[in-house]
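Enquirer: The structure's right below; bear with me while I get my questions together.
Numbering (the working numbering), first residue to last: 9 to 866.
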């Protein structure tokens, strides 16, 4: 009789022994049964075949049993396995085994309880069953045998090598009920109510009351309501599972991150702001984080901290800015005139990077920012007519205020002056008029100080810092789960399910700001990329008296298990949720950890792009500070990326190649630089590895200044470093310039002066930009790598000059290589790394020559 149950606590052996103890005391026959079975394998002595002898151990002494009382069933490939003989260990006849075998079996532990069975085969790897029966062909166990211990399952290969435990456990499979007839299309309250009532009518036909006041109907409607909520939740989760259908911004953000696209949350605006101060202020330090407000009270530019006036101003919800760095204030820097060295009607030309200030300014330092602005109209002389668009910020790189320890002066007039220079990236985008003469209707008076330089400039960005906010503590777990062990009988401790803890900031929108670099040019301060912006939030967690800072990150994919980092996720309504780690990517905060914000800022997006002169109030108690103004409009404020934009951009973003493999890849990446017109790459084997030689054609042609050229090349290589393949070096060099030699004879029309026509032709065939904005024929940006120089455009350009009757090109060749091949073919071909140039510079004749002869005219 085989066991039909799977029990965790097996007590049958104990009950059997207790029953035998009782019977022995009463002198009754004892119950017997199979205790266990051993397959004689590795311990078999010499002469005994392995895996063909079974040692059956009984609870009591072996009764008189033979092969007829043993049944062997089972097997898959080797079946049936026949029994040759079966005897008690102490009663094996000499005809069945030799003396050595009999001595071996008799010497085993408790041989009186051992039955030895010899088979004709060693079976296979499947399970067999050995049963003790009352006789041949019978399935009934002998008298006084426990029916549960009358048979045993075993394997002939139990001692064969295996990676698994030979004792297997079988889980109790759940009984699958017969599925009822239910409408699984029910999805809302009404359909769930109908399905429940139909099911109850089937199970309880005697209940027919459908009154809303009936308790059963109340319970049915409650379950239908819960089913409707659950159905909505299932649909909502299925909707959030895909980028195209997700309705929550957090879901779209996470889907986009899976394809390596970072959804940005916008960026705050920045504004160059002048801090106004009294003339006697010298060296007062304005701290970083000083609050600036747009105009609220027209007569109170300075508001004291923690004052009622400040509270009244904040209640009107002005746009709030805060300074990004400390600033030393000097009254002399408030407004500085330019020095023209006695000349009149002067201007700072477009592209200028140097100027002279009138006066001695020893406290001006490299790194300070000045704003140039027009304060008088150069035609009317009126301040109200000044063009407020002509303003520009520059960061100083050089200040010369002394000459051998004495103030720098004009040697002719003796007036004190200060020389300044600024970043090339801050070169003036348009000319600044310094002095002029008013129009005749304005008296034609000389106008000085048309444009000035404003000092005491600080960079401020949009956002208001808020005081400490309590975000609550991590709650204790409310749910527990049984760990998956695979053994239903194992005694395990329940695991706590970590509770969800996603605190939300009480105010918004949360400011996202780019990191500030105090050494970058002034023009780069507002060139912020919202993809690089980080949340302006400082968080601290306290547990059992210990306080630790937590750092915001864009995501936690690169965070270690113990990193105290978190992610800020912005929802569609602008609320900011904090998401912590899971002890795999980032640390999960322990239970009862209490979080507070040390500081966070609100204010983001285009709301900070205020116009110039919008800032008016400054919150400070420093003496001598009289107000604030922003001479330039705030820039850089960007709204958070919308879900529709992410759905459009994310699927394409990961297809953007962010590596350089071929020579064309290296050239394409280099050409992404706005200062690079064209680039060409060449692979060369340098003995141990490959080197990529990058030849770059900069916009504007050859960079003459060695230091500037070095910075340009270094910048190009730095940008390419992230795309370089491992095992490849990067080198950059200049193009191979091919100087041209062109001779032209021009017939001038009657009535035109030859000198005037010649001057116009030389200007058209120059390498400069013409006054009307057009480029000269030989401007460097007109030629690039391998570009063939054609003759026909030269004829067309010359013929378009007023006064030209006819043109004849008499020489068209590479400089120093006399040949008429170019004249005959009408073109000069160049190699892939060659660039044509013709500067026609008498100081550097090796850079190309343009000879011009004229006839006719007058």
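Beta carbons are placed, not taken as given, at the ideal position from N, Cα and C, and that holds for glycine.
#1: Throw me the rounded Cβ distance for the residue 638 and residue 621 pair, which I believe falls under 8 Å.
#2: Spatial neighbours of residue 452 within its chain, please: C-beta separation below 7 Å, excluding the five flanking residues on both sides.
#3: Could you pull out every unbroken alpha helix (DSSP H) segment of at least 4 residues lying fully inside the stretch 487 to 544, listed in chain order?
#4: Please state if the CB of residue 728 and the CB of residue 3 are separated by a distance shorter than 9 Å.
#5: Mapping DSSP to helix, strand and coil, what is residue 242?
#6: Do residue 654 and residue 678 have their C-beta atoms within less than 9 Å of each other?
#7: Ignoring anything shorter than 3 residues or poking outside the stretch 393 to 435, list the beta strand (DSSP E) runs there in chain order.
#8: Where does residue 486 land, buried or exposed, given buried means 16+ other C-beta within 10 angstroms?
#9: Which of helix, strand or coil does DSSP assign to residue 807?
#10: Could you pull out every residue in the same chain whose Cβ sits closer than 6 Å to the Cβ of residue 558, ignoring the five residues on either side in sequence?
#11: Going by DSSP, what residue range makes up the alpha helix (DSSP H) through residue 200?
#12: Tell me the residue span of the beta strand (DSSP E) that contains residue 43.
#13: Under 9 Å, do residue 468 and residue 330 count as touching if we go by C-beta distance?
#14: Secondary structure at residue 448, three-state DSSP: helix, strand or coil?
#15: Pull up the distance between the alpha-carbon of residue 835 and that of residue 822, whole angstroms please.
#16: Using the Cα positions of residue 341 and residue 464, report the straight-line distance between them to the nearest angstrom.
#17: By the 10 Å Cβ neighbour count, where 16 or more other Cβ atoms means buried, how is residue 662 classified, buried or exposed?
#18: Just the Cα atoms here: how many angstroms apart are residue 248 and residue 240?
#19: Over the uninterrupted beta strand (DSSP E) stretch that includes residue 159, give me the two end residues.
#20: Among 461, 593, 63 and 644, whose alpha-carbon lies nearest the alpha-carbon of residue 541?
#21: Taking the beta strand (DSSP E) that residue 77 falls in, what are its first and last residues?
#22: Which of the three DSSP states is assigned to residue 793 in this structure?
#23: Name, in chain order, the residues that DSSP records as bridge partners for residue 338.
#24: Taking C-alpha atoms, which residue in 554, 640, 590 and 642 lies nearest to residue 867?
#25: Pick from 523, 403, 474 and 797: whose alpha carbon is nearest that of residue 606?
#26: Look at the alpha carbon of residue 385 and the alpha carbon of residue 458, and state the distance between them as a whole number of angstroms.
#27: So, at 6 Å on beta carbons, what are the nonlocal neighbours of residue 863 in its own chain, with the 5 sequence-adjacent residues on each side left out?
#28: Counting pairs of beta carbons, one from the stretch 133 to 144 and one from the stretch 72 to 82, are three or more of them closer than 8 Å?
#29: What would DSSP say about residue 835, mapped onto helix, strand or coil?
#30: For residue 249, which three-state DSSP category applies?
#31: Nearest CA to the CA of residue 629: which residue from 111, 312 and 90?
#32: Could you give the residue range of the beta strand (DSSP E) that holds residue 820?
#33: What is the DSSP secondary structure of residue 651, counted as helix, strand or coil?
#34: Under a three-way DSSP split, which group does residue 309 fall into?
#35: Please list the terminal residues of the continuous alpha helix (DSSP H) segment that includes residue 453.
#36: Taking only the alpha-carbon atoms, compute the straight-line gap between residue 426 and residue 411 and give it to the nearest angstrom.
Expert: Looking at the atomic coordinates:
#1: Taking the chain shown and counting its residues from 1, one reaches residue 638 at position 630. Taking the chain shown and counting its residues from 1, one reaches residue 621 at position 613. Sure, about 7 Å apart at Cβ, within 8 Å.
#2: Here residue 452 corresponds to residue number 444 of the chain shown, with the count starting at 1. Setting aside the 5 residues that flank it on each side, residue 452 is surrounded in the same chain by 445 and 446, each with a C-beta closer than 7 Å to its C-beta; the list follows chain order.
#3: Within the stretch 487 to 544, the complete alpha helix (DSSP H) runs of at least 4 residues are 530 to 533.
#4: This structure gives no information on residue 3, because the portion of the chain shown stretches from 9 to 866.
#5: Looking up residue 242 in the chain shown gives position 234. Of the three classes helix, strand and coil, the one that applies to residue 242 here is helix, per DSSP.
#6: As a first step, residue 654 must be located in the chain shown, where it is residue number 646. As a first step, residue 678 must be located in the chain shown, where it is residue number 670. Cβ atoms of residue 654 and residue 678: not closer than 9 Å.
#7: The stretch 393 to 435 contains these whole beta strand (DSSP E) runs: 399 to 408 and 425 to 430.
#8: Your numbering for residue 486 matches position 478 in the chain shown. It is exposed - the Cβ of residue 486 has fewer than 16 other Cβ atoms within 10 Å.
#9: For the purposes of this step, residue 807 is identified with residue 799 of the chain shown, where counting begins at 1. In this structure, DSSP gives residue 807 a helical state, which the three-state scheme calls helix.
#10: Position 550 of the chain shown holds residue 558. Only 547, 549, 572 and 574 meet the Cβ criterion.
#11: Numbered from 1 along the chain shown, position 192 holds the residue referred to as residue 200. Boundaries of the alpha helix (DSSP H) harbouring residue 200: 197 to 211, taken from the DSSP string.
#12: In the chain shown, residue 43 corresponds to position 35, counting from 1. Counting along the chain, the beta strand (DSSP E) containing residue 43 begins and ends at 42 to 47.
#13: As a working mapping, residue 468 is identified with position 460 in the chain shown. As a working mapping, residue 330 is identified with position 322 in the chain shown. Inclusion of residue 468 and residue 330 in the CB contact set at 9 Å is warranted, their separation being smaller than that value.
#14: Translated into positions along the chain shown, residue 448 becomes position 440. DSSP places residue 448 in helix when its eight states are reduced to three.
#15: As a first step, residue 835 must be located in the chain shown, where it is residue number 827. As a first step, residue 822 must be located in the chain shown, where it is residue number 814. CA-CA distance, residue 835 to residue 822, rounds to 11 Å.
#16: Position 333 of the chain shown holds residue 341. Position 456 of the chain shown holds residue 464. Approximately 6 Å between the Cα atoms of the pair.
#17: Residue numbering aside, residue 662 sits at position 654 when the chain shown is read from its first letter. Looking at its Cβ environment, which holds fewer than 16 other Cβ atoms inside 10 Å, residue 662 is exposed.
#18: Here the question's residue 248 lines up with position 240 in the chain shown. Here the question's residue 240 lines up with position 232 in the chain shown. The straight-line gap from Cα to Cα measures roughly 12 Å.
#19: Start at 1 with the first residue of the chain shown, and residue 159 comes out as number 151. 159 to 162 is the span of the beta strand (DSSP E), which, as asked, contains residue 159.
#20: Counted from its first residue, the chain shown places residue 541 at position 533. It is 644.
#21: For this step, residue 77 is matched to residue 69 along the chain shown. Segment: none, residue 77 is in no beta strand (DSSP E) and carries neither H nor E.
#22: The count along the chain shown starts at 1 and reaches residue 793 at position 785. In the structure shown, residue 793 sits in coil (DSSP, three-state: anything other than H, G, I, E or B).
#23: Taking the chain shown and counting its residues from 1, the one referred to as residue 338 is at position 330. According to DSSP, which records beta bridges pairwise, residue 338 is partnered with 290.
#24: Nothing can be reported for residue 867, as the shown portion of the chain is limited to 9 through 866.
#25: Walking along the chain shown from the start, residue 606 turns up at place 598. The option with the nearest alpha carbon to residue 606 is 474.
#26: Here the question's residue 385 lines up with position 377 in the chain shown. Here the question's residue 458 lines up with position 450 in the chain shown. Near 7 Å, if we compare the C-alpha coordinates of residue 458 and residue 385.
#27: Position 855 of the chain shown, counted from the first residue, corresponds to residue 863. 755.
#28: Taking 8 Å as the limit for Cβ pairs, the verdict is that the stretch 72 to 82 does touch the stretch 133 to 144.
#29: If you number the chain shown from 1, residue 835 lands on position 827. Three-state result, residue 835: strand.
#30: Position 241 of the chain shown holds residue 249. In the structure shown, residue 249 sits in coil (DSSP, three-state: anything other than H, G, I, E or B).
#31: Reading the chain shown from its first residue, position 621 is the one you call residue 629. It is 312.
#32: Numbered from 1 along the chain shown, position 812 holds the residue referred to as residue 820. Here the beta strand (DSSP E) through residue 820 covers 812 to 822.
#33: By one-based count along the chain shown, residue 651 stands at place 643. Collapsing the DSSP output to three states places residue 651 in a helix.
#34: Start at 1 with the first residue of the chain shown, and residue 309 comes out as number 301. In the displayed model, residue 309 falls within coil according to three-state DSSP, outside both helix and strand.
#35: Residue 453 sits at position 445 when you count from the first residue of the chain shown. If you look at residue 453, you'll find it isn't in any alpha helix (DSSP H); DSSP assigns it neither H nor E.
#36: The count along the chain shown starts at 1 and reaches residue 426 at position 418. The count along the chain shown starts at 1 and reaches residue 411 at position 403. When rounded, the separation of the alpha-carbon atoms in residue 426 and residue 411 is 10 Å.
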